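Student: Read in order, the letters of the sequence shown are residues 66 to 268 in this note's numbering.
Take a look at the following structure, please.
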Amino acid sequence: MITSVSDWAAFLHSCDALTGIPFIFAGGALMALGWRMWKFCVVITFTLIGMAVGVGLAEAPQQQVTYGLCGAVVLGLASFPPVQHSISLLGGLLGGALLHGMLEAFGLEGVALWVSTGLVVMVVTPLCAINRKQVIILITSFQGAVMLVSGLAILAHSEPMFRGTYEEMAEYSAIVTPFVLLVPTVMSIFLQMADVRQKERGN
66 MITSVSDWAA FLHSCDALTG IPFIFAGGAL MALGWRMWKF CVVITFTLIG MAVGVGLAEA
126 PQQQVTYGLC GAVVLGLASF PPVQHSISLL GGLLGGALLH GMLEAFGLEG VALWVSTGLV
186 VMVVTPLCAI NRKQVIILIT SFQGAVMLVS GLAILAHSEP MFRGTYEEMA EYSAIVTPFV
246 LLVPTVMSIF LQMADVRQKE RGN
């Protein structure tokens with residue numbers, strides 16, 4: 066069951082080359098029209114979070130599937146009725162997760178780490194509620210970029226020359242992978258913002 070970045074990478078490496086095509090189309094659709102389908106994206110994201118939490122709570126490997134499915138169903142259903150608030154909470158959770166990773170990299174751990182993360186979630190969530198439209202565009206742009214890059218990674222993995230080139234670049238510099246995700250994310254943000262403005266002028 067996929068519950069981490071390493072699990073996702075392993076899944077992509079195991080996929081057939083043709084599997085990358087749906088990923089690329091789905092990613093492109095999210096990058097261009099994510100703000101129009103954001104409610105679906107929020108529910109799916111919370112479903113995946115619920116699955117990861119459920120797997121993490123499982124005490125034995127044979128319980129992971131059951132716990133993961135239960136967590137996915139519970140959190141997915143819980144996020145749908147208040148979806149206007151769920152997007153704000155999702156923004157807060159993403160902000161907390163980013164800070165958690167940064168502080169952990171600097172060596173902070175234990176209670177101080179989790180208190181800092183919780184405070185960030187509490188501060189960022191209401192800010193996301195105020196700037197809901199921008200948060201929707203940012204999150205769906207990133208999700209679309211991840212899907213697009215994942216599809217391209219599947220196709221590149223089937224071609225030894227491309228795979229070798231990327232692995233050499235990634236080994237040479239740690240910013241290669243973040244940069245590969247950042248570029249389509251930024252492009253998608255501008256594309257969606259232009260689409261939003263065009264729709265608002267049309268109304």
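Virtual Cβ for every residue (Gly too), placed ideally from N, Cα, C.
Computed from a prediction, not measured in an experiment: that's the story for all the values here.
Less than 8 angstroms between the CB atoms is what I'm expecting for G183 and I86, so what's the real figure, rounded?
Tutor: G183 to I86, Cβ: 41 angstroms. No contact.
Student: Whole angstroms are fine: how far does the CA of N196 sit from the CA of A259?
Tutor: So the alpha carbons of these two residues sit roughly 17 angstroms apart.
Student: Exposed or buried, Q42, counting other C-beta atoms within 10 Å across all chains shown (16 or more means buried)?
Tutor: With the chain running from 66 to 268 in the structure shown, residue 42 is simply not present.
Student: Pull up the distance between the alpha-carbon of M252 and that of L159, whole angstroms please.
Tutor: For M252 and L159, the distance between alpha carbons rounds to 20 angstroms.
Student: May I have a chain-ordered list of the alpha helix (DSSP H) segments no shorter than 4 residues that lie completely inside the stretch 126-177?
Tutor: Qualifying alpha helix (DSSP H) stretches, in chain order: 129-144 and 148-170.
Student: Short check: CB of A97 to CB of L256, under 8 angstroms?
Tutor: Yes.
Student: Mind checking whether S206 and G92 have CB atoms under 8 angstroms apart?
Tutor: Result no, Cβ atoms of S206 and G92 do not sit closer than 8 angstroms.
Student: Which same chain residues, not among the five before or five after L122, have their C-beta less than 7 angstroms away from its C-beta?
Tutor: Closer than 7 angstroms at the Cβ level, and outside the excluded window around L122, lie Y132.
Student: Measuring CA to CA, which of G157, G141, L173 and L203 is closest to M116?
Tutor: Of the candidates G157, G141, L173 and L203, the one whose C-alpha sits nearest the C-alpha of M116 is G141.
Student: Residues in the same chain with beta-carbon distance under 7 angstroms from T110, minus the five sequence neighbours each way, listed in chain order, please.
Tutor: For T110, where only same-chain residues beyond five positions count, the Cβ hits under 7 angstroms are L155.
Student: Reducing DSSP to helix, strand and coil, say where P265 ends up.
Tutor: A small fix is needed here, since residue 265 is Glu in this sequence, not Pro. Helix.
Student: Quick check: I219 and A82, are their CB atoms within less than 8 angstroms of each other?
Tutor: Result yes, Cβ atoms of I219 and A82 sit closer than 8 angstroms.
Student: If I'm right that V245 touches V214 with Cβ under 8 angstroms, what's the distance once you round it to whole angstroms?
Tutor: About 6 angstroms separates the two Cβ atoms, so the contact holds.
Student: If you draw a straight line from the C-alpha of G175 to the C-alpha of H150, how long is it?
Tutor: Distance between the alpha carbons of G175 and H150: 29 angstroms.
Student: Given A194, which residues of its chain have a CB within under 8 angstroms of its CB, disregarding the five upstream and five downstream residues?
Tutor: Taken in chain order, the residues that qualify are H150 and S153.
Student: Should M102 go down as buried or exposed, given a rule of 16 or more other Cβ atoms within 10 Å for buried?
Tutor: It counts as exposed.
Student: Can you say whether G157 is buried or exposed, counting buried as having 16 or more other CB atoms within 10 angstroms of its CB?
Tutor: When all chains shown are included, G157 counts as buried.
Student: By a C-beta neighbour count over all protein chains shown, 10 Å radius and 16 as the cutoff for buried, is L192 buried or exposed?
Tutor: Classification for L192: exposed.
Student: Where does P249 land, buried or exposed, given buried means 16+ other C-beta within 10 angstroms?
Tutor: The residue in question, P249, is buried, as its Cβ has 16 or more Cβ neighbours within 10 Å.
Student: Report buried or exposed for M187, applying the criterion of at least 16 other Cβ atoms within 10 angstroms of its Cβ.
Tutor: When all chains shown are included, M187 counts as exposed.
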